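Numbering (this note's numbering), first residue to last: 8 to 289.
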């Protein structure tokens, strides 16, 4: 089963009150941060943003018994706000009441189709409830309405689709990765995952274009050249694979003499030379 995303990744979208960020950052110690927050609450005890921040902090420090009454007060002073309803569902899940958390999160997302954080959390609760199909659907929806999703969410979605392996799932996983790249820019982890999915399908040219994009973004490297060689070998294009090996050797040869003396370097260099010759012999 694919790893479920950690609780903190679901909480961060709720830290939205910009005027509180600087004073909180100034006190990295949770105890000091809580004390600082309490000072603000003395002045405005029913400020919903302050109450929400307190709930988050208490959960981060695993004081769920203290978080619950603050959360209940928050919903009294600001009923119906989707971010706070989601926060209450998160408290419920941390209290190990998965069934109630699922009911509450489904209710929030049902009336907020554009609430990316809510759909992402719903995916987590569905997964923890053993509902992988529903978890995939929720995560796909979250990605579709999120203008800047976390790369880990894209990779989790692709991993779940790959594991499910229904007809069209691999193509959907590749498509979701490409959508993520369009929103986030060139990220090696996403491109490498897409290549891993594409090669068994024979999408060699697409994988080579990904290597081109990574080379343009991060400059040429022996590692990228050897990744290109691997794709070309799988495509049966052995002379081109040999040329890619030669490129890797040339890039390695530009390194300082002190690095080239290392045993690991010399071993790797010799391996690539042998691989180049093997491709030339095919």
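Glycine residues also receive a C-beta, built at the ideal position from the N, C-alpha and C atoms.
Note that the coordinates shown come from a computational prediction; the quantities given were computed from them, not determined experimentally.
Closest Cα partner of residue 273 within the set 289, 227, 256, 285: Residue 256 holds the alpha-carbon nearest to the alpha-carbon of residue 273 among 289, 227, 256, 285.
Outcome for residue 265 when other beta-carbon atoms lying within 10 angstroms are tallied against a minimum of 16: Burial state of residue 265 is exposed, judged by a 10 Å Cβ sphere holding fewer than 16 other Cβ atoms.
Stretch-stretch touch, CB-based, cutoff 8 Å, three pairs: the segment 162 to 171 with the segment 193 to 205: Enough Cβ pairs lie closer than 8 Å, so yes.
Length of the line joining the Cα atoms of residue 117 and residue 89: Straight-line Cα distance between these residues: approximately 11 Å.
Local conformation of residue 122 per DSSP, three classes: Looking at residue 122 - three-state DSSP - the assignment turns out to be coil, as it is neither helix nor strand.
Euclidean distance between Cα positions of residue 288 and residue 170: Each residue's CA atom was taken as its position, placing residue 288 and residue 170 some 38 Å apart.
Supposed close pair residue 201, residue 184 - CB separation, criterion 8 Å: Indeed they touch by this definition, with Cβ atoms about 5 Å apart.
Neighbourhood of residue 130 by C-beta, 7 Å cutoff - its chain only, sequence neighbours within 5 removed: Contacts found: 142, 145, 146, 149.
Neighbour-count burial assignment, residue 235, 16 or more Cβ in a 10 Å radius: Buried, by the Cβ-count rule.
Three CB pairs or more closer than 8 Å across the segment 69 to 86 and the segment 43 to 61: Between the segment 69 to 86 and the segment 43 to 61 there are three or more C-beta pairs closer than 8 Å, enough to call the two in contact.
Cα-Cα separation, residue 100 to residue 115: The alpha-carbon atoms of residue 100 and residue 115 are separated by roughly 14 Å.
Residue from 132, 241, 275, 65 whose Cα sits closest to the Cα of residue 96: Checked all of 132, 241, 275, 65; the closest Cα to residue 96 is 132.
Option in 40, 259, 241, 285 with minimal Cα separation from residue 275: Restricting attention to 40, 259, 241, 285, the CA atom closest to the CA of residue 275 is found in 259.
Endpoints, alpha helix (DSSP H) assigned at residue 182: Counting along the chain, the unbroken alpha helix (DSSP H) around residue 182 starts and ends at 176 to 191.
Check whether residue 71 and residue 50 have beta carbons under 9 Å apart: Inclusion of residue 71 and residue 50 in the CB contact set at 9 Å is not warranted, their separation being larger than that value.
Pick from 106, 108, 104, 44 that is closest to residue 77, judged by C-alpha positions: From the listed residues 106, 108, 104, 44, the smallest Cα separation to residue 77 is found for 44.
Residue closest to residue 92, alpha-carbon to alpha-carbon, out of 64, 65, 122: Cα-wise, what sits closest to residue 92 is 122.
Exposure of residue 98, with buried meaning 16 or more beta-carbon neighbours within 10 Å: The C-beta of residue 98 has 16 or more other C-beta atoms within 10 Å across all chains shown, which makes the residue buried.
Minimum length 4: unbroken alpha helix (DSSP H) runs contained in the segment 230 to 273: For the segment 230 to 273, whole alpha helix (DSSP H) runs of length 4 or above, ordered along the chain, are 245 to 260, 264 to 267.
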